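Quick note: the sequence shown uses my numbering, first residue 72, plus one each step.
This report refers to the structure that appears directly beneath it.
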Amino acid sequence: MSEKKLRLGFIGAGGIAQAQMKIVKAYPDVELVAACDINDPSLAKAKADYGFPAVYTDWKEMLRRESFDAVSVCTPNGGHCAHTVGALQAGAHVLVEKPLAMNAKEGEAMLAAAKKAKRKLVIGFQWRFEPKAQFIRKMSEAGQFGNILFGRCKALRRRGIPNWGVFGRKDLQGGGPLIDIGVHIMEVTHYVMGSPKPVSASGQIFQYLGNKKSDVASMWPNWDHKTYTVEDLAVGQIRFENGAVMHVESSFAAHCKDEFNFSIMGEKGGADFDPISIHTDENGYMVDKSPAFIPSQDCFARKLRLFVDTALYGKPTEAPGEAGLMIQKMLDGIYESAAKGREVPIR
Ligand SMILES: NC(=O)c1ccc[n+]([C@@H]2O[C@H](COP(=O)([O-])OP(=O)(O)OC[C@H]3O[C@@H](n4cnc5c(N)ncnc54)[C@H](O)[C@@H]3O)[C@@H](O)[C@H]2O)c1
Numbered sequence: 072m073s074e075k076k077l078r079l080g081f082i083g084a085g086g087i088a089q090a091q092m093k094i095v096k097a098y099p100d101v102e103l104v105a106a107c108d109i110n111d112p113s114l115a116k117a118k119a120d121y122g123f124p125a126v127y128t129d130w131k132e133m134l135r136r137e138s139f140d141a142v143s144v145c146t147p148n149g150g151h152c153a154h155t156v157g158a159l160q161a162g163a164h165v166l167v168e169k170p171l172a173m174n175a176k177e178g179e180a181m182l183a184a185a186k187k188a189k190r191k192l193v194i195g196f197q198w199r200f201e202p203k204a205q206f207i208r209k210m211s212e213a214g215q216f217g218n219i220l221f222g223r224c225k226a227l228r229r230r231g232i233p234n235w236g237v238f239g240r241k242d243l244q245g246g247g248p249l250i251d252i253g254v255h256i257m258e259v260t261h262y263v264m265g266s267p268k269p270v271s272a273s274g275q276i277f278q279y280l281g282n283k284k285s286d287v288a289s290m291w292p293n294w295d296h297k298t299y300t301v302e303d304l305a306v307g308q309i310r311f312e313n314g315a316v317m318h319v320e321s322s323f324a325a326h327c328k329d330e331f332n333f334s335i336m337g338e339k340g341g342a343d344f345d346p347i348s349i350h351t352d353e354n355g356y357m358v359d360k361s362p363a364f365i366p367s368q369d370c371f372a373r374k375l376r377l378f379v380d381t382a383l384y385g386k387p388t389e390a391p392g393e394a395g396l397m398i399q400k401m402l403d404g405i406y407e408s409a410a411k412g413r414e415v416p417i418r
């Protein structure tokens with residue numbers, strides 16, 4: 072490996088930023104330069120645990136004073152656009168945590184800023200790097216499923232409304248479970264389907280639990296129900312240009328079992344993500360099969376390694392900002408359809 076080091080900064084030093092810091096601190100080719108957060112305890116922890124030589128409470132000041140090769144944007148969704156555009160304009164490549172932004176309009180501004188600054192914009196999708204997802208994608212590329220007709224994906228929590236951060240605030244997050252956790256399972260399902268172009272969306276969102284005080288025992292009790300303005304449950308359907316369809320279900324609170332899974336169905340075969348299984352016909356029989364061994368790999372760490380490889384060594388990314396924008400348009404479409412009560416086009 073060369074002597075080069077990626078001079079890396081962070082905007083936002085909360086939960087996911089610290090998960091990233093823990094991993095990249097161990098990389099010999101990364102130098103942690105500075106971090107910024109408006110919350111002093113987060114900043115103090117980042118400094119104490121990861122040894123940032125400089126910390127800031129104002130991201131603009133940090134970008135003015137420091138010089139970065141790359142910046143990781145780990146603020147709530149409402150900050151993604153401004154912080155990403157600011158970092159790109161300051162000459163840094165950017166990894167922005169999922170979702171790309173609050174909406175596709177912001178996402179388009181971010182992609183335009185990356186193009187203008189001639190810098191890379193990588194979306195922090197990790198599930199596409201999960202080994203079982205990679206296996207399904209490889210089987211798909213090898214033609215095992217034929218044309219993929221349908222994808223069904225679920226990111227369902229029975230009672231999992233975050234009791235930290237601003238995940239219940241529509242004004243700061245853009246939405247609830249659909250944009251927060253649905254985005255994960257949508258990105259990987261869409262990826263294994265071959266990333267077809269979305270053309271229309273329909274969906275519905277429901278709020279019935281999160282905005283009320285609850286005494287039901289749950290994993291994360293006592294969330295802030297007074298500021299809860301997002302959906303509890305979202306369901307949606309996306310139609311693609313190639314005729315395929317994807318269904319999504321996502322909840323913070325729903326009367327169902329917890330589930331994070333997807334299935335795909337094609338003309339020649341299909342697959343389930345977890346437990347991994349391929350469904351096909353062979354020699355006159357219907358056959359289910361699964362790989363005998365899949366190497367384990369932390370997909371979150373993988374996305375960070377790949378970002379460093381892209382930003383420092385110019386390697387191509389499997390998670391370009393454009394992939395984030397395509398998913399964002401689907402999210403926007405489902406929310407718009409829910410508001411209008413009809414299917415809407417995606418442009
Ligand atoms: N990839 C994943 O698996 C994953 C998991 C969790 C969260 N996320 C994403 O990461 C982002 C952050 O989520 P989190 O769980 O870390 O939330 P968090 O609330 O733990 O952290 C967000 C931090 O951003 C800080 N912040 C807010 N406004 C700021 C500003 N203007 N300047 C600087 N700092 C500011 C907050 O003080 C907070 O410390 C969200 O977009 C979320 O969707 C991704």
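Idealized CB from N, CA, C, for every residue including glycine.
Quantities reported herein were computed from a predicted structural model and do not represent experimental measurements.
In this model, leucine 304 and lysine 284 are separated by some 17 Å (Cα to Cα). Within the same chain, and ignoring the five residues on either side of serine 113 in sequence, the residues whose Cβ sits closer than 7 Å to its Cβ are Ala84 and Gly85. Under the three-state reduction of DSSP, phenylalanine 371 is assigned to helix.
Comparing C-alpha distances from alanine 213 to each of Val379, Phe371, Phe378 and Gly340 shows the shortest one belongs to Gly340. The distance from the Cβ of glutamate 330 to that of leucine 227 is about 4 Å, consistent with a contact at the 8 Å cut-off. Separation of the CB atoms of glutamate 320 and valine 301 is rounded to 16 Å, and the pair is thereby denied contact status at 8 Å. For isoleucine 82, the number of other beta carbons within 10 angstroms of its own is at least 16, and it is reported as buried. Contact between histidine 350 and arginine 223 fails: their C-beta atoms lie close to 13 Å from each other, not under 8 Å.
Here the alpha carbons of serine 143 and glutamate 353 stand approximately 47 Å from one another. Under DSSP, glutamate 320 shares a beta bridge with Lys225 and Val306. Under DSSP, aspartate 343 shares a beta bridge with Ser334 and Ser348. Straight-line spacing of the CA atoms in threonine 146 and glycine 314 works out to 36 Å. Serine 271 places its beta carbon 8 Å or farther from that of glutamate 179. DSSP places serine 266 in no beta strand (DSSP E); its state is neither H nor E. Contact holds between the segment 274 to 284 and the segment 399 to 418, because three or more Cβ pairs, one in each stretch, are under 8 Å apart. Counting the other Cβ atoms within 10 Å of the Cβ of serine 322 gives 16 or more, which makes it buried.
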